[in-house]
Amino acid sequence: MKTTAASTKVLHAATLVLFLTTMAPPSMANTGFSGSLKGVAITDAQKINKPPVALFTYTKNGDIYTFDASGASDSDGSIVSYIWDFGDGVKDSGITVTHSFEGGGISPVTLTIVDNSGGVTMTQENVSLASPVQIAINFQPASAPVPTGFTMDSGSNFDDAVGYGWVSPPAAEGTRDRNSLLSPDQSFDTLIHVAPTAVWEHIVPNGKYLVTVTVGDPSAPDRTQGVQVEGAALITAERLSSLNPWITREIITTVTDNRLSLTFQTSDTAKLCWVKIVSQ
């Protein structure tokens, strides 16, 4: 076979391409070539999938837990599957799901997410199944009727066995039962006079709580009121009046030392009617 110089160059080029094709390692199987053989540009055409980020939050309403994975994300694609394992033999799927647990203790809840390229990520959180904390304390004379749903506090010092009380005792004026026609119910009709240096505490598990406090006096709506919950201002230097004989405020707070504390700075004499504490 007779070859010319031109055909020899073509043959050599074809041989080089065949060599590159057959001898390249597996990692080059998905590479792209551009340019001439004198200057070959190799680009990585193989896409490396970034795994999705698994994240979820949950809330509780009574015995119903709502789990929400809307915070999960995938930077280079989309999430196609959300799989939940509640740790009690029950599974579910979806971005947002609800579940009721039986019994107490702690249950490990696992979320597994899958993206459109097959990437899989899991995350797990231990969910406390303790019964919700619901506390209602009414401040009143020991001889007065206790409002329905409340527990009485007549000014006793803190007692571990009882679980609540005054760390620093209130002012000597003590408790009142007004028997006023203005009071919507007994919880608004009774009160305890509290010095600005007093501290009241209740033992609770560490966690987040909604705290609601009412101060007031239907018969003598005077004095400046100040209340703090875990150090955060709830009522600040607000004065009672005949047009405003009660003040009710609520705040969400976090307890980290197993004691929820009320203080009464910025008041001259606080007139504390009741406090409600509900876990969140």
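All the letters of the sequence shown, read from the start, carry residue numbers -29 to -1, 1 to 251 under mature numbering (1 follows the signal peptide of the UniProt record, and there is no 0). Built from N, CA and C at the ideal position, the CB exists for glycine as well.
Query: For the beta strand (DSSP E) that Gln196 lies in, which residues bound it at each end?; Result: 195 to 200
Query: Quick one: what's Thr234 bridged to in DSSP?; Result: Val170, Gln199
Query: Do three or more CB pairs link the segment 79 to 94 to the segment 125 to 134 at distances below 8 Å?; Result: no
Query: What would DSSP say about Phe159, mapped onto helix, strand or coil?; Result: helix
Query: Spatial neighbours of Ile54 within its chain, please: CB distance less than 6 Å, with the 5 preceding and 5 following residues excluded, ordered by chain position.; Result: Ser64, Thr83
Query: Check whether the segment 107 to 121 and the segment 146 to 163 are in contact - that is, three or more C-beta pairs closer than 8 Å.; Result: yes
Query: Per the contact definition of three or more C-beta pairs closer than 8 Å, is the segment 196 to 215 in contact with the segment 169 to 176?; Result: no
Query: Please report the residue range of the beta strand (DSSP E) in which Gln105 lies.; Result: 105 to 110
Query: Run through DSSP, which three-state label would Thr227 get?; Result: coil
Query: Between which two residues does the beta strand (DSSP E) harbouring Val186 extend?; Result: 178 to 187
Query: When the distance is taken between beta carbons, is Gln196 closer than 8 Å to Lys242?; Result: yes
Query: At what residues does the beta strand (DSSP E) containing Pro79 begin and finish?; Result: 77 to 86
Query: Hey, does Asp56 have any beta-carbon neighbour from chain E nearer than 8 Å?; Result: Given the protein chain composition of this structure (a single chain), no chain E is represented.
Query: Looking at Ser41: is its Cβ nearer than 8 Å to the Cβ of Thr67?; Result: yes
Query: Less than 8 Å between the beta carbons of Phe72 and Asp56, yes or no?; Result: no
Query: Per the DSSP calculation, Gln251 is bridged to which residue(s)?; Result: BP columns for Gln251 are empty, so no partner.
Query: Taking all protein chains shown into account, do 16 or more other C-beta atoms lie within 10 angstroms of the C-beta of Val182, making it buried, or fewer, making it exposed?; Result: buried
Query: Taking all protein chains shown into account, decide if Gln105 is buried (16 or more other Cβ within 10 angstroms of its Cβ) or exposed.; Result: exposed
Query: Short check: CB of Asp39 to CB of Asp86, under 8 Å?; Result: no
Query: At a cut-off of 7 Å, is Ile50 close to the ligand COA when judged by its beta-carbon and the heavy atoms of the ligand?; Result: Looking for the ligand COA in the displayed structure turns up nothing, as the structure carries no ligands at all.
Query: Do Trp137 and Ala169 have their C-beta atoms closer together than 8 Å?; Result: yes
Query: Less than 8 Å between the C-beta atoms of Lys179 and Thr225, yes or no?; Result: yes
Query: Return the chain-ordered list of same chain residues with a C-beta closer than 7 Å to the C-beta of Ser139, the five sequence neighbours on each side being excluded.; Result: Thr168, Ala169, Val170
Query: Under 7 Å Cβ to Cβ from Ala25, same chain only, skipping five residues before and after it: list those, please.; Result: Ala43, Leu82, Ile84, Thr92, Met93, Thr94
Query: I'd like to know whether the C-beta atoms of Val186 and Cys244 end up nearer to each other than 8 Å.; Result: yes
Query: Arg149 and Pro116 look like a contact to me (Cβ under 8 Å); what is the Cβ gap, rounded to whole Å?; Result: Going by Cβ atoms, the distance from Arg149 to Pro116 rounds to 13 Å, so no, they are not a contact pair.
Query: What does DSSP give as the partner residue(s) for Lys21 in the beta ladder?; Result: For Lys21, which the question treats as bridged, DSSP gives no partner whatsoever.
Query: Please report the Cβ distance between Tyr29 and Val98, rounded to the nearest whole angstrom; I am assuming they are in contact, meaning their Cβ atoms lie under 8 Å.; Result: 7 Å
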